[in-house]
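Student: Provided herewith is a single structure, encoded as structure tokens, for subsequent inquiry.
In the numbering used here, the protein residues as written are 49 to 651.
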């Protein structure tokens with residue numbers, strides 16, 4: 049195997065120097081074992097040949113012998129005294145001179161053939177290792193000639209190297225290296241540093257072995273051809289990208305196995321497998337097959353996260369135990385996060401996203417499509433789209449945010465925060481103490497169990513607190529508010545609202561300004577402890593009066609009991625009816641609170 053000791057920033061085009069320079073004999077004619085070409089003033093390069101049996105013509109030119117070592121010193125490029133040393137060779141002078149003559153300029157095929165098919169390049173003494181030539185393309189010819197296998201040993205610096213067509217061995221050493229294998233069963237070791245490694249430039253893996261070493265490495269791989277490959281990320285946060293193909297395998301399986309407490313993940317399609325160890329994130333992309341199914345639910349150890357992008361078909365994507373990123377594409381996809389803090393993104397179809405356990409982020413807001421988002425266990429964030437989605441928080445304290453479509457938002461278990469959108473939303477808080485903000489549409493909201501806080505938006509809303517001590521605010525326009533069970537606080541907001549406290553000691557609030565409107569209280573009951581609360585604390589008892597009258601609609605129908613008049617609570621400074629109490633004449637007390645004081649307006 050030819051061996052190159054590389055200590056230069058460039059592997060320069062030095063081979064035509066001997067044709068232009070007379071050989072000086074360092075010992076007697078015919079007995080020299082080392083020959084030095086005079087340094088070339090233009091290129092700054094000199095060449096030393098070592099060997100045996102050298103012969104010369106009458107003018108002193110080298111004609112025969114065997115060359116066992118070539119030393120090239122480059123003073124023009126790279127650090128002072130940079131050099132390339134080629135050893136473990138046995139070239140005849142005739143074939144060397146012929147090859148370098150044929151390789152003048154940019155044609156290096158003949159010279160590269162002398163180095164192949166087995167070649168070792170050692171750059172351990174260099175500050176960097178760049179497997180390209182300065183001003184010419186020697187490396188493609190060298191790589192093509194090394195059919196038997198290429199061994200590259202990197203420098204302490206940041207190396208850049210490509211493998212050849214045989215079974216190669218690439219070692220980056222220290223530094224942030226870029227190592228790219230060729231065809232064949234390659235062994236690639238990034239060493240220390242943050243390395244970028246690919247096997248055969250993202251083409252078919254054929255039984256390669258890749259070691260990331262220390263550092264945060266990026267490793268590119270491929271599924272869909274033949275061979276069984278192993279990737280060991282080593283220490284650091286390593287990311288492996290698995291690229292797909294344009295064929296149509298119907299199933300991609302990612303189970304896990306164990307070997308002496310070391311985690312081994314096996315990815316397989318057909319007869320091809322990729323084995324992963326000590327990898328923190330797996331990204332799966334460029335899968336163009338329709339109806340592809342990805343099963344990762346068995347990944348529990350070793351891989352911390354999985355990233356995958358769907359296809360234009362109806363895909364099923366399933367995350368593992370780590371923090372996964374799963375992206376839908378075209379079609380109606382089913383995306384399952386499972387354990388971990390997952391990122392699930394719906395595509396343009398009618399997708400179903402299920403976060404599973406963990407604090408997940410589910411997004412349908414990046415595309416249009418009527419999606420179903422299921423938070424599952426954990427404190428999840430669910431973002432709806434403008435097309436209209438269904439969001440279900442599941443267990444945990446969830447954050448649900450509607451888009452500007454017709455959305456259905458269900459907090460379910462936990463203390464949830466729910467935000468409606470610009471159009472009509474249907475909202476249920478579920479169990480727990482929920483906070484609900486309705487948007488601009490005519491919304492429908494149910495607090496359900498727990499002490500909920502529900503704020504209406506700029507629409508004609510219907511808000512039902514149900515069980516618990518709820519705080520309900522109607523905001524703009526004429527809203528319909530129901531407190532339900534519990535001691536509720538009901539604020540109709542601006543507009544003429546209909547308010548029903550339900551069972552319990554309820555408070556009916558009015559801001560005390562004319563724009564706040566007049567509220568119609570359907571079930572005021574002093575016996576249950578209901579109170580009318582006035583927001584202007586400077587008001588006094590004497591500024592209020594109560595009038596009684598029957599009210600009826602155009603058809604002559606009266607509210608409440610036909611024989612009992614309504615009570616109208618009037619604020620004298622503005623002449624505004626603040627509250628109209630259905631069947632208020634039947635109350636023995638009408639209690640008004642101003643600041644900390646409570647007055648009976650019938651006393």
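Using N, Cα and C, we set each Cβ at its ideal position, and we do this for glycine too.
#1: How many Å lie between residue 452 and residue 267 at the Cα?
#2: Kindly indicate which three-state DSSP category residue 613 falls into: helix, strand or coil?
#3: Please specify which runs of the beta strand (DSSP E), each continuous and at least 3 residues long, are wholly inside the stretch 452-507, giving them in chain order.
#4: Take the Cβ of residue 642 as the centre, count every other Cβ of all protein chains shown within 10 Å, and call the residue buried at 16 or more, exposed below.
#5: Assign residue 472 to one of two classes, buried (16 or more other C-beta atoms within 10 Å of its C-beta) or exposed (fewer than that).
#6: Which first and last residues belong to the beta strand (DSSP E) in which residue 589 is found?
#7: Just the C-alpha distance for residue 520 and residue 260, rounded to the nearest angstrom, thanks.
#8: For residue 561 and residue 469, what's the separation of their Cα atoms in angstroms?
#9: Which of the three DSSP states, helix, strand or coil, is assigned to residue 82?
#10: Would you give the residue range spanned by the beta strand (DSSP E) that residue 382 belongs to?
#11: Mapping the DSSP letters down to three states, classify residue 373 as helix, strand or coil.
#12: Quick one, which of 232, 134, 118, 114 has its alpha-carbon nearest residue 721's?
#13: Across which residues does DSSP place residue 628 in a beta bridge pair?
#14: Would you list the residues sitting across from residue 639 in a DSSP beta bridge?
#15: Alpha carbon to alpha carbon, how far is residue 402 from residue 389? Give it in angstroms, no decimals.
#16: Whose C-alpha, out of 234, 525, 372, is nearest the C-alpha of residue 567?
#17: Would you call the CB atoms of residue 234 and residue 263 closer than 8 Å?
#18: Taking contact to mean at least 3 C-beta pairs separated by less than 8 Å, is the stretch 572-587 in contact with the stretch 538-558?
#19: Which residue from 408, 424, 111, 400 puts its Cα closest to that of residue 418?
#20: By the three-class DSSP mapping on this structure, what secondary structure does residue 605 have?
#21: Kindly indicate which residue of 206, 239, 118, 515 has the alpha-carbon position closest to the one of residue 217.
#22: On a CA-only basis, which of 205, 221, 236, 203 is nearest residue 211? Give me that one, please.
#23: Take residue 153 and list the residues in its own chain whose beta-carbon comes closer than 6 Å to its own, dropping the five residues that flank it on each side.
#24: Which value, in whole angstroms, describes the spacing of the CA atoms of residue 513 and residue 639?
#25: Rounded to the nearest angstrom, what separates residue 536 and residue 405 at their Cα positions?
#26: What is the DSSP secondary structure of residue 328, reduced to helix, strand or coil?
#27: So, residue 527 versus residue 500, is the Cβ gap smaller than 8 Å?
#28: Give me the DSSP bridge partner(s) of residue 622.
#29: Please return the same chain residues whose Cβ sits closer than 7 Å to the Cβ of residue 382, not counting the five positions on each side in sequence.
#30: What's the gap between the Cα of residue 366 and the Cα of residue 397?
#31: Give the straight-line distance between the Cα atoms of residue 598 and residue 625, rounded to the nearest whole angstrom.
#32: Mark residue 646 as exposed unless 16 or more other C-beta atoms lie within 10 angstroms of its C-beta, in which case mark it buried.
#33: For the candidate residues 142, 630, 549, 135, whose alpha-carbon lies nearest to that of residue 103?
#34: Just to confirm, are residue 633 and residue 648 a CB contact at a threshold of 8 Å?
#35: Going by DSSP in three states, residue 533 sits in which element: helix, strand or coil?
Tutor: Answer, in terms of the structure:
#1: 41 Å
#2: coil
#3: 455-458, 465-467, 473-476, 483-485, 492-494, 501-503
#4: buried
#5: buried
#6: Segment: none, residue 589 is in no beta strand (DSSP E) and carries neither H nor E.
#7: 58 Å
#8: 28 Å
#9: strand
#10: 382-384
#11: strand
#12: Outside the displayed range of the chain (49 to 651) lies residue 721, so it cannot be described from this structure.
#13: 568, 616
#14: 648
#15: 12 Å
#16: 525
#17: no
#18: yes
#19: 400
#20: coil
#21: 239
#22: 236
#23: Caution applies to residue 153, whose pLDDT of 44 falls short of 50 and renders its modelled position unreliable; the value that the coordinates give is listed next. Answer for residue 153: no residue qualifies.
#24: 23 Å
#25: 34 Å
#26: coil
#27: no
#28: Paired residues: none, contrary to the question.
#29: 364, 400
#30: 17 Å
#31: 15 Å
#32: exposed
#33: 142
#34: no
#35: coil
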